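Engineer: If you're matching positions, the sequence shown starts at 34 in the working numbering and goes up one per residue. We put the beta carbon where it would ideally sit given N, CA and C, even for glycine. The structure displayed is predicted, hence computed values, not measured ones. The structure follows.
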Amino acid sequence: RVLELMEPHIRIPGEGGRMLTMAQAAVEGDMEAFQYIDDSIIRQMLRTPLPELKPAQDEYHRRFTRREIAVLVGETEVDAAVDTAAVARELVRGYNRRRGAARELVE
C-alpha cells in the first residue's frame with residue numbers, strides 16, 4: 034500500500050533521461066530506471082517534506098509500528114532466451130554514465 038501511495042509522486046531517471054514512475058519503469062522494462070527501485074526509495078520518501086507524500090509516510094509508520102511489513106513485494110521470471118551477460122554489461126554502462134567513469138568496469 035505504501036508504494037501505491039508513493040507511485041504518482043515519485044519519478045526515477047530512466048533511459049535517455051526520461052523521468053518515469055516506478056510502475057512505468059517496471060512495465061516498460063527500463064533497466065536504467067528499474068535499478069533505482071529498492072529499499073532506498075522508501076528511505077527517501079520518509080525524509081521528504083513534500084505534503085503529497087504524507088499519506089505514504091503515515092501508512093508506512095502505521096504498518097511499521099504494527100509490524101505489518103511486506104517481506105516480498107513481487108517477483109518476475111526472466112525469459113531463458115535473455116542474454117544475462119549483455120544485460121549486466123548494459124547496467125554497468127548505465128552506472129558508468131551516471132558516475133562519469135572514465136572506463137567501463139566490465140568489457
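Looking at the structure shown, is Pro88 part of a helix, part of a strand, or coil, going by DSSP?
Structural biologist: Position 55 of the sequence shown, counting from 1, holds the residue named residue 88. Here DSSP, grouped into helix, strand and coil, assigns Pro88 to helix.
Engineer: Starting from Leu83, trace the alpha helix (DSSP H) in both directions and tell me its first and last residue.
Structural biologist: Within the sequence shown, numbered from 1, the residue matching residue 83 stands at position 50. Counted as a single uninterrupted DSSP element, the stretch harbouring Leu83 is not any alpha helix (DSSP H), since DSSP gives it neither H nor E.
Engineer: Distance, Cα to Cα, Leu86 vs Arg99?
Structural biologist: Along the sequence shown, one-based indexing puts residue 86 at 53. Along the sequence shown, one-based indexing puts residue 99 at 66. The alpha-carbon atoms of Leu86 and Arg99 are separated by roughly 20 Å.
Engineer: Quick check: the Cα distance between Leu138 and Arg122, rounded to an integer number of angstroms?
Structural biologist: Here residue 138 corresponds to residue number 105 of the sequence shown, with the count starting at 1. Here residue 122 corresponds to residue number 89 of the sequence shown, with the count starting at 1. Low confidence applies to Leu138: its pLDDT is 40, below 50, so where it sits in the model is not reliable, and the reading given next is rough at best. It is roughly 9 Å from the alpha-carbon of Leu138 to the alpha-carbon of Arg122.
Engineer: Comparing alpha-carbon positions, which option in Arg126, Met39 and Ala118 lies nearest Arg76?
Structural biologist: Residue 76 sits at position 43 when you count from the first residue of the sequence shown. Cα-wise, what sits closest to Arg76 is Met39.
Engineer: What number of angstroms, rounded off, separates the C-alpha of Glu65 from the C-alpha of Arg51?
Structural biologist: Within the sequence shown, numbered from 1, the residue matching residue 65 stands at position 32. Within the sequence shown, numbered from 1, the residue matching residue 51 stands at position 18. Answer to the nearest angstrom: the Cα atoms are 10 Å apart.
Engineer: Considering just the uninterrupted stretch of the alpha helix (DSSP H) at Glu37, what are its terminal residues?
Structural biologist: Locating residue 37 in the sequence shown gives position 4, counting from the first residue. That run of the alpha helix (DSSP H) goes Val35 to Met39.
Engineer: Expressed to the nearest angstrom, what Euclidean distance is found between the alpha-carbon atoms of Pro12 and Phe97?
Structural biologist: Examination of residue 12 is not possible in this model, given that the chain is present from 34 through 140 alone.
Engineer: Would you decide whether Ala134 is buried or exposed? Buried here means 16 or more other CB atoms lie within 10 Å of its CB.
Structural biologist: Taking the first residue of the sequence shown as 1, we reach residue 134 at position 101. Model confidence at Ala134 stands at a pLDDT of 44, short of 50, so the residue's coordinates are unreliable and nothing is read from them.
Engineer: I need the boundaries of the alpha helix (DSSP H) containing Gln57, first residue and last residue.
Structural biologist: Locating residue 57 in the sequence shown gives position 24, where the first residue counts as 1. Counting along the chain, Gln57 sits inside the alpha helix (DSSP H) bounded by residues Met55 to Glu61.
Engineer: Classify Ile45 as helix, strand or coil using the three-state DSSP reduction.
Structural biologist: On the sequence shown, position 12 is the one that residue 45 refers to. Ile45: strand per DSSP, three-state reduction.
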